[in-house]
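Chemist: Please read through the structure below; I'll follow up with questions.
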Amino acid sequence: MPTFYAQVFVTLKPSILDPQGRTVERALSHLDYANVSGVRIGKYIELTLTGERAEVETELAAIVENVLSNPIMENARWELKEAREVAGT
Amino acid sequence: MPTFYAQVFVTLKPSILDPQGRTVERALSHLDYANVSGVRIGKYIELTLTGERAEVETELAAIVENVLSNPIMENARWELKEAREVAGT
Amino acid sequence: MTAANPGLRLQAATFGLTTEEFDLAAERLGREPNALEAAIIGAMWSEHCGYKNSRPLFRAFPTTGPQVLQGPGENAGVVDIGEGWGVAFKMESHNHPSAVEPVQGAATGVGGILRDIFAMGARPFAVLDSLRFGNPDSPRTRFLLSGVVEGIAHYGNAIGVPTVGGEVTFHPSYQENPLVNVMALGLLRHEDLAKGTMGEVGNQIVYVGSKTGRDGLGGAVFSSANLSAASQADRPAVQVGDPFMEKLLLEATLEAIQAGLVAGVQDMGAAGLVSSTCEMAYRAGLGLTMNLDLVPTREDGMVPMELCLSESQERMILVPVPGREQELLDLLAKWELDVVTIGEVEAGGRYRLTWKGEVVCDLPVALLNEAPKYTREGVESEDIRAKRERDLSGVPVPGDLGAVLVDLLSHPTIASKRPIFERYDHQVMTNTVVVPGAADAAVLRLKGSRRGIAATSDCNPRFVYLDPYRGAAAAVAEAARNLACVGATPLAITDNLNFGNPHDPGVYYQLQQAVAGIADACRALNTPVTGGNVSLYNQYAEGDHKVAIHPTPTIGMVGVLPDVTVRATMHLKPGPHTLYLLGKHATTIGASQYLETVHGLEAGRVPDLDLKLEQKVIEGTLALIRAGLTSTAHDCSEGGLAVALAEMAIAGEQGLKVELMAPKGVRPDAVLFGEAHSRVVVAVPVGQEPEAQALLDELGVPFTMLGESLPGSDRVTILVPGANVQLSVNLETLKTAFETPLREILG
Amino acid sequence: MKTAVIQFPGSNCDADALHAARLTLDPDAQFVWHTETALPAGTELVFLPGGFSYGDHLRSGAIAARSPIMTAVKAHAERGGYVLGVCNGFQVLTEARLLPGALSRNRDLHFHCAPVHLRVENAQTAFTAAYQPGQIIEIPIAHGEGNYYANPDTIARLEAEGRVVFRYLDNPNGSLNDIAGIVNEQGNVLGMMPHPERAVEMLLGSEDGLGIFESLKACVVK
Ligand SMILES: Nc1ncnc2c1ncn2[C@@H]1O[C@H](COP(=O)(O)OP(=O)(O)O)[C@@H](O)[C@H]1O
Ligand SMILES: [Mg+2]
């Protein structure tokens, strides 16, 4: 059965302020890295799934929606690559 | 001066324990999402920089290395897109 | 048996062995060890596991007494607190890991000491952290301090053991090499006391907890090796802790011990699988064979050396009671931990490891556990002697002593640590009766009993630096005094000996003298040593020039309150009180924080320590508290009497007025800020003075009346009539000076 | 009032919750392990304790909210049974959608353990009847992720319906509208960040948490 590598990106909704991002931004300006703005910190999740593409996609969508993110404050998107497409793996 | 959107991906080095990933993986199996393995949880950071591409790239590299990631435990990679290249922004 | 490699001897150093040690091992073994065996010997003979430089000195320690249920030699000591209850306690350092990666270094330090406690069959119920950092204004110190505090909070808060006390001091000698000493206490019923033994021949050896990865490889060696630019290369050796996994391991282990399924248990700490299993075999006087192929691994392609020495966190070795193996395995499986039987206990005292069907290690258990012991020549450093003997009569008395008081209160070593302990959950488990910052020691109640348990950790490194014997003894005395100040009878200590490189005669002298000082003080105060930990090579190599830390023998002490409702705290209580000093006024500024902070001098003699007087002051303090004649007590330490009084006023949000009747010819700054030992300030409700004084006289406790508390007033007024000095400072000014500094450092 | 304290792996105020419940509500209060699918017969109050269920990995409360026992807890709540979620228990309730909104990282990114002052905004709920309206009480907090968020409509609704039960006088974590505790529409589910179970004995410094347990007790008597 084929193996897929999934990358999931979870970010805070734009309307919600991101204290961590703000802190990093402040730190950066103190360290005088100028011209930096809009720092937002989210999650980057990697996982491996096996199965036919169709089922894997449904399962991943469910996992992202029900577990990996909280729709009240977060947006999430994901990418799926089949193992053999992935160079060097 | 051009504006760039940077995406930074910070992941734990392969040989470093990822307690989060381990716990999430086990939880997923309990929620019977079968066939999921190799869950690793990292950071996904977005930021905006302005300047000429060359300087922006040097600055970003430094920021990622010194502030956004902890080289003792983490690997980091980044992508840079110039604002006008980015669709819908 | 994998053949020995002739070239190995030349690489002895890579295994943390000198060529002499390598030859000694080969001689005892009757052959050259192979590479794996050499690495195992190197790890077991490292200071951290083998105590080759320190153990011989420990003979001086008193380790017995009716209150001692378990002395040195196990994972932690245990004292009897009555009613069938015992308290297991132990302190351990994680200095070098914290210097490299403060968050994980400190977090795994907490995890490690907690495992030592529940390996005794005790449920951890309190943590104290003793921290030392360099120059408070340097970015590195900010980085280390905030990282270490975050790490301790992360681990302790998550696993749900309150962090109820500790100390934080700043001195340049810790700039590159901070100290992170963590003490943990656990509660057990006498009958549940567990031991780190393999039990009897034929017993199974069960591995439980996290899988083994390449974490902190060679950590035991790493943490005993000089910290230098080379430690950049050690960085992948960082270990990551998981308090969630530890919580499961804790509950599973205690459930198994209480169910009577466990014949022996020990955590995998420094030098991981090897040190735990061969210490257990040694204690049982037996041998074992383990199959390394069965070790659960997190990564592919791990080789025996990695499997043996990995310091992956949250792992234990359990030895089932014969015949109940399956019950134990089932119980552990319920907690979703990796559980594997990896070997069996044998007669004959060999430590045998197989891998891929081949014997890869076959060593005598005794050889591994009997590291060579070194007693060296200690010689006091000339320039330290010179500093101590320095004549201080020329030091001017500042004009504005009120300003000095404010300066001292705002020195980070003295200033309030609230910004730190507010990041620790100090109330989880709902036992914390006296919270951090409220008194000289933490007090916890014991549910279902009237008793209370008190704990403290203390050391004044400046004292130890200037006079290792007296300074170390003073640390024990201060710890006992701090317990008395909350109403607890001191029971026993654990120690954490943080020193520089023992090959340096000056450092070895400090170690020798400090151990002797601890031993004598423990005898005098009837607080035996139940265990401890040694951390040497605490120095930073910059080229060929080495900076050793101040010698820092941290003392952790535990005491018991017969009735937890009968206790004292340091804040001045409502209503008029008369203030007394138990003990005698200070007569010297030698070795004081004042001398260092205000005059930039780290010099002078450490004040005399009279342990009989100390005992009297402790008795007097306890008597007053238990007779209900005071509920306010605070000892004098850094900053002396003036700082102690100011702290009591700040905490009580009221003023006070005292007259310090010092002996003739004593400098006022000595009376105010000198750091004489054996002094406690108490507040007696107006009207009860006669009773209080009678009691003190009866006990033969020297004391002087100082003055009165001033409820409703906002001025702290201190007079030294002998030197017609009067200082009077507004409470708000003192409060701000006291409360701001650490907020600023921590951001 | 028959009380069940839910235990998740990583709960660490479970014993505290049980101790407080036995002291104030139900001498026979019991633990219920997260893998159970049913509550003990006759359970009237479900107490979701504080802690770091599943190590707070991913999002605090996220994994616990999806464990087997929560199905039974939801059913219990729908039947009108009482549910009290404290700290991590509050986080679990929001993740389980038994309460609106979410709790995110404290504004200053730090864990805070300290006594805080709360105003009792609604003294007519099953959890607060024993307090005076507007009464100021002192209860400890101990959390790193207590920053309450909900979208503007939800906040408006919570305020309009008097479902903000406790409000911080001095907001420690950045919660919108200084919200410290809220109830669901039916008023039988309370989530709060402060720890009332740490404030039921003078020996530990405050008894201001007793009101919550006394209120609940009164409910069954009538
Ligand atoms: N400074 C000391 N004073 C007294 N006993 C000590 C000291 N250092 C170590 N010990 C004892 O030696 C034994 C091994 O110490 P250690 O290796 O720190 O324990 P662990 O293996 O749990 O880390 C323990 O029983 C410990 O209490
Ligand atoms: Mg140990």
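Residue numbers (the working numbering), protein chains in the order written: chain X, 1 to 89; chain C, 90 to 178; chain B, 179 to 925; chain S, 926 to 1147.
The beta-carbon is built from N, C-alpha and C at its ideal position, and this holds for glycine as well.
Please read these numbers as outputs of a predicted model, since none were measured by experiment.
For my contact list, L739 (chain B) and F303 (chain B) are in at a C-beta cut-off of 8 Å; report their separation, rounded to the angstrom.
Modeler: Residue numbering aside, residue 739 (chain B) sits at position 561 when the third sequence is read from its first letter. Residue numbering aside, residue 303 (chain B) sits at position 125 when the third sequence is read from its first letter. Their Cβ separation, rounded to whole angstroms, is 15 Å, which puts L739 (chain B) and F303 (chain B) out of contact at 8 Å.
Chemist: Of all the residues that make up the region 973–994 of chain S, which are near chain C by a beta-carbon distance shorter than 7 Å?
Modeler: Within the region 973–994 of chain S, the qualifying residues are Y979, G980, H982, L983, I988 and R991.
Chemist: Report the neighbours of I41 (chain X) on chain C: residues whose CB is nearer than 7 Å to its CB, in chain order.
Modeler: As a working note, residue 41 (chain X) is residue 41 in the first sequence. The answer, in chain order, is K132 and I134.
Chemist: Is there a C-beta anywhere in chain B that falls below 8 Å from the one on E1139 (chain S)?
Modeler: As a position in the fourth sequence, residue 1139 (chain S) is number 214, starting the count at 1. No, E1139 (chain S) does not count as interfacial toward chain B.
Chemist: Using only the alpha-carbon positions, how far apart do P108 (chain C) and A285 (chain B) sit?
Modeler: Sequence index remark: in the second sequence, residue 108 (chain C) carries index 19 (1-based). Sequence index remark: in the third sequence, residue 285 (chain B) carries index 107 (1-based). Spanning the two alpha carbons is a distance of roughly 13 Å.
Chemist: Touching or not, the region 241–250 of chain B and the region 282–296 of chain B, by the rule of three or more beta carbon pairs under 8 Å?
Modeler: No, the region 241–250 of chain B is not in contact with the region 282–296 of chain B.
Chemist: Just curious, the alpha helix (DSSP H) that I72 (chain X) is in, first and last residue?
Modeler: In the first sequence, counting from the first residue as 1, residue 72 (chain X) sits at position 72. First-last for I72 (chain X): undefined, no H or E at that position.
Chemist: Beta-carbon separation of M376 (chain B) and L466 (chain B) under 8 Å?
Modeler: Here residue 376 (chain B) refers to the residue found at position 198 when the third sequence is read from its first residue. Here residue 466 (chain B) refers to the residue found at position 288 when the third sequence is read from its first residue. Yes, the Cβ-Cβ distance between M376 (chain B) and L466 (chain B) is below 8 Å.
Chemist: Kindly say whether E457 (chain B), judged by its beta-carbon, lies nearer than 8 Å to any beta-carbon of chain A.
Modeler: Absence of chain A from the displayed structure is noted, the protein chains being X, C, B and S.
Chemist: Just how far apart, CA to CA, sit E567 (chain B) and S1100 (chain S)?
Modeler: Reading the third sequence from its first residue, position 389 is the one you call residue 567 (chain B). Reading the fourth sequence from its first residue, position 175 is the one you call residue 1100 (chain S). For E567 (chain B) and S1100 (chain S), the distance between alpha carbons rounds to 59 Å.
Chemist: Any beta carbon from chain X within less than 8 Å of L120 (chain C)'s own beta carbon?
Modeler: By 1-based counting over the second sequence, the position of residue 120 (chain C) is 31. Yes - at least one Cβ of chain X is within 8 Å of the one on L120 (chain C).
Chemist: What are the residues in the region 263–284 of chain B lying within 9 Å of chain C by C-beta distance?
Modeler: From the region 263–284 of chain B, only V278, E279, V281 and Q282 have a Cβ closer than 9 Å to chain C.
Chemist: Determine the DSSP secondary structure at G334 (chain B), reduced to helix, strand or coil.
Modeler: Within the third sequence, the letter at position 156 stands for residue 334 (chain B). G334 (chain B) falls in the helix class under three-state DSSP.
Chemist: Using a C-beta to C-beta distance shorter than 8 Å, which residues of chain C count as neighbours of I63 (chain X)?
Modeler: As a working mapping, residue 63 (chain X) is identified with position 63 in the first sequence. Near I63 (chain X) (Cβ distances below 8 Å), the residues of chain C are L117, Y122 and V125.
Chemist: Tell me the rounded alpha-carbon separation between S454 (chain B) and T58 (chain X).
Modeler: Taking the first residue of the third sequence as 1, we reach residue 454 (chain B) at position 276. Taking the first residue of the first sequence as 1, we reach residue 58 (chain X) at position 58. Rounded to whole angstroms, S454 (chain B) to T58 (chain X) spans 47 Å at the Cα level.
Chemist: Of all Cβ atoms in chain S, is any one closer than 8 Å to the Cβ of P919 (chain B)?
Modeler: Sequence index remark: in the third sequence, residue 919 (chain B) carries index 741 (1-based). Output row for P919 (chain B): interface = no.
Chemist: Alpha carbon to alpha carbon, what distance is there between V584 (chain B) and A651 (chain B)?
Modeler: Mapped onto the third sequence, residue 651 (chain B) falls at position 473. Mapped onto the third sequence, residue 584 (chain B) falls at position 406. Roughly 29 Å separates the two Cα atoms.
Chemist: Around the C-beta of F321 (chain B), are 16 or more other C-beta atoms found within 10 angstroms, so that it is buried, or is it exposed?
Modeler: Taking the first residue of the third sequence as 1, we reach residue 321 (chain B) at position 143. F321 (chain B) is exposed by the Cβ-count criterion.
Chemist: Whole alpha helix (DSSP H) runs in the region 833–881 of chain B with 4 or more residues, listed along the chain?
Modeler: Counting whole runs of 4 or more residues, the region 833–881 of chain B contains the alpha helix (DSSP H) stretches 846–851 and 867–877.
Chemist: Tell whether a beta-carbon distance below 8 Å holds between I520 (chain B) and M483 (chain B).
Modeler: Start at 1 with the first residue of the third sequence, and residue 520 (chain B) comes out as number 342. Start at 1 with the first residue of the third sequence, and residue 483 (chain B) comes out as number 305. Against a cut-off of 8 Å, the Cβ pair of M483 (chain B) and I520 (chain B) comes out as no contact.
Chemist: Write down the C-beta distance between G1069 (chain S) and I72 (chain X) rounded to the nearest angstrom, noting that I regard them as a contact closer than 8 Å.
Modeler: Within the fourth sequence, residue 1069 (chain S) is the residue found at index 144, counting from 1. Within the first sequence, residue 72 (chain X) is the residue found at index 72, counting from 1. Not confirmed; about 19 Å, so no contact.
Chemist: Pick helix, strand or coil for G700 (chain B), following the three-state DSSP scheme.
Modeler: As a working note, residue 700 (chain B) is residue 522 in the third sequence. A small fix is needed here, since residue 700 (chain B) is Cys in this sequence, not Gly. C700 (chain B) falls in the helix class under three-state DSSP.
Chemist: Given that a residue counts as buried once 16 or more other Cβ atoms are within 10 Å of its Cβ, and exposed if not, what is E743 (chain B)?
Modeler: The residue labelled residue 743 (chain B) in the question sits at position 565 within the third sequence. It is worth fixing the name first, because residue 743 (chain B) is Thr in this sequence and not Glu. T743 (chain B) should be labelled exposed.
Chemist: Can you pull the DSSP bridge partners for Q353 (chain B)?
Modeler: Numbered from 1 along the third sequence, position 175 holds the residue referred to as residue 353 (chain B). Q353 (chain B) pairs with nothing; no bridge assigned.
Chemist: Hey, does L106 (chain C) have any beta-carbon neighbour from chain B nearer than 8 Å?
Modeler: For this step, residue 106 (chain C) is matched to residue 17 along the second sequence. For L106 (chain C), the answer is yes, since a Cβ of chain B falls inside 8 Å of its Cβ.
Chemist: Taking Cβ positions, are F1091 (chain S) and V1045 (chain S) nearer each other than 8 Å?
Modeler: Numbered from 1 along the fourth sequence, position 166 holds the residue referred to as residue 1091 (chain S). Numbered from 1 along the fourth sequence, position 120 holds the residue referred to as residue 1045 (chain S). Contact: yes.
Chemist: Using beta carbons (cut-off 8 Å, strictly below), is A954 (chain S) in contact with chain X?
Modeler: One-based indexing of the fourth sequence puts residue 954 (chain S) at position 29. Not closer than 8 Å to any Cβ of chain X, the Cβ of A954 (chain S) fails to qualify, so no.
Chemist: Residues in its own chain within less than 8 Å of F239 (chain B) by CB, not counting five upstream and five downstream?
Modeler: Position 61 of the third sequence, counting from 1, holds the residue named residue 239 (chain B). Cβ neighbours of F239 (chain B) beyond the five flanking positions: P250, V693, I696, A697, C700, P706 and V707.
Chemist: Please state whether DSSP places A549 (chain B) in a helix, a strand or coil.
Modeler: By 1-based counting over the third sequence, the position of residue 549 (chain B) is 371. Of the three classes helix, strand and coil, the one that applies to A549 (chain B) here is coil, per DSSP.
Chemist: Straight-line CA distance for Q491 (chain B) to Y385 (chain B)?
Modeler: By 1-based counting over the third sequence, the position of residue 491 (chain B) is 313. By 1-based counting over the third sequence, the position of residue 385 (chain B) is 207. Answer to the nearest angstrom: the Cα atoms are 13 Å apart.
Chemist: Examine chain B for any beta-carbon lying closer than 8 Å to the beta-carbon of T112 (chain C), and answer yes or no.
Modeler: On the second sequence, residue 112 (chain C) is found 23 positions in, with the first residue counted as 1. Judged by the 8 Å Cβ criterion, T112 (chain C) is in contact with chain B.
Chemist: Can you tell me whether V358 (chain B) is helix, strand or coil according to DSSP?
Modeler: In the third sequence, the residue the question calls residue 358 (chain B) occupies position 180. V358 (chain B) falls in the strand class under three-state DSSP.
Chemist: Is there at least one Cβ from chain C nearer than 8 Å to I931 (chain S)'s Cβ?
Modeler: What you label residue 931 (chain S) is simply residue 6 of the fourth sequence in a count that begins at 1. No, I931 (chain S) lies away from the interface with chain C (no Cβ there is under 8 Å from its Cβ).
Chemist: When burial is assigned at 16 or more other CB atoms within 10 Å of the CB, is V776 (chain B) buried or exposed?
Modeler: On the third sequence, residue 776 (chain B) is found 598 positions in, with the first residue counted as 1. V776 (chain B) should be labelled buried.
Chemist: Jot down the residue ranges of each uninterrupted beta strand (DSSP E) in the region 768–845 of chain B, minimum 3 residues, whole runs only, in chain order.
Modeler: Correct list: 811–813 and 833–837.
Chemist: Going by CA-CA distance only, name the one from B:R209, B:G442 and B:M607 that's closest to N937 (chain S).
Modeler: Along the fourth sequence, read from residue 1 onward, the residue named residue 937 (chain S) stands at position 12. That would be B:M607, whose Cα lies nearest to the Cα of N937 (chain S).
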